[in-house]
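Participant:
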Amino acid sequence: MIQIGLVMGSNSDWEVMQHAARQLKAFGIQFEARVVSAHRTPDLLYEYAESAETRGLKAIIAGAGGAAHLPGMLAAKTTVPVLGVPVPSKYLRGEDSLLSIVQMPKGIPVATFAIGEAGAANAGLFAVALLANEIPELRTKLNQFREDQKNTVLAMSLPEVE
Ligand code: RP5
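Heads up, the sequence shown is in our numbering, so the first residue is 5 and it goes up one at a time.
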């Protein structure tokens, strides 16, 4: 059963949003990846958000660039948690996307992540953590991921000064 929705405003967002998909896949999470544009396919956005709960989605990761209203509009139409990822934009490097996602007025929350790849990957990891509340094996995997990451850093060395 599909647990996580991964949506983005355009296929041009995939380069960034694939980093969320990679994390979900690494943890064996079933997800669906779709292009849903807030301003170009608003009816599809409504339909997607309205059916999210009955379709069993536990969270929706939504990435968009520019005036990035996709995560906020999804959140307006469902109480399934929405994780927003600001995708870097051409002229303002995603600062516009970040501000339009993070500055939600009181009442409709969107959990907002960093601009770009790190934000997409962390949104994926956050979705895993949400699911791990109900799935102990996932919690074990997540702890192992942290352990491996720690050991990678502990094994880091720096060059000698000449
Ligand atoms: C937004 O506009 C998308 O999320 C994308 O980041 C940006 C550009 O879209 P394209 O012109 O590449 O389709 O809707």
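Where is the CB? At the ideal position from N, CA and C, for every residue including glycine.
Note that the structure is a prediction, hence the values are computed from the model and not measured.
Tell me whether Ser41 counts as near the ligand RP5, meaning its Cβ is closer than 7 angstroms to at least one heavy atom of that ligand.
Facilitator: Result yes, Cβ under 7 angstroms from the ligand RP5.
Participant: Identify whether Arg143 lies in helix, strand or coil by the three-state DSSP scheme.
Facilitator: Note: Arg143 maps to helix in three-state DSSP.
Participant: Using alpha carbons as the reference points, say which of Ala122, Val39, Arg44 lies closest to Arg98.
Facilitator: According to the sequence displayed, residue 98 carries Gly and not Arg. Out of Ala122, Val39, Arg44, Ala122 has the C-alpha closest to the C-alpha of Gly98.
Participant: Am I right that Ile119 and Ser101 are in contact with their C-beta atoms under 8 angstroms? What's the rounded C-beta distance?
Facilitator: Yes, they are in contact, since the Cβ atoms of Ile119 and Ser101 sit about 7 angstroms apart, within 8 angstroms.
Participant: Excluding the 5 residues flanking Gln27 on each side, which residues of the same chain have their C-beta closer than 6 angstroms to its C-beta?
Facilitator: Cβ within range, chain order: Ala125, Gly128, Leu129.
Participant: Return the CA-CA distance between Pro92 and Pro109, expressed in angstroms with no decimal places.
Facilitator: Between Pro92 and Pro109, the C-alpha separation is close to 22 angstroms.
Participant: Between His23 and the rest of its own chain, which residues show a CB-CB distance below 6 angstroms, the 5 nearest in sequence each way excluded?
Facilitator: Here the set comprises Glu121, Ala124, Ala125.
Participant: Do you know offhand how far Thr156's Cα is from Phe149's?
Facilitator: Cα-Cα distance, rounded: 11 angstroms.
Participant: Per DSSP, which one or two residues make a beta bridge with Pro90?
Facilitator: DSSP output for Pro90 lists Ala68 as bridge partner(s).
Participant: Alpha carbons only, please: which of Asp17, Arg38, Pro75 is nearest the one belonging to Thr83?
Facilitator: For the residues Asp17, Arg38, Pro75, the minimum Cα distance to Thr83 belongs to Pro75.
Participant: Should Val86 be counted as a contact of the ligand RP5 given a C-beta to heavy atom distance under 7 angstroms?
Facilitator: No; taking the cut-off as 7 angstroms, the Cβ of Val86 has no heavy atom of the ligand RP5 nearer than that.
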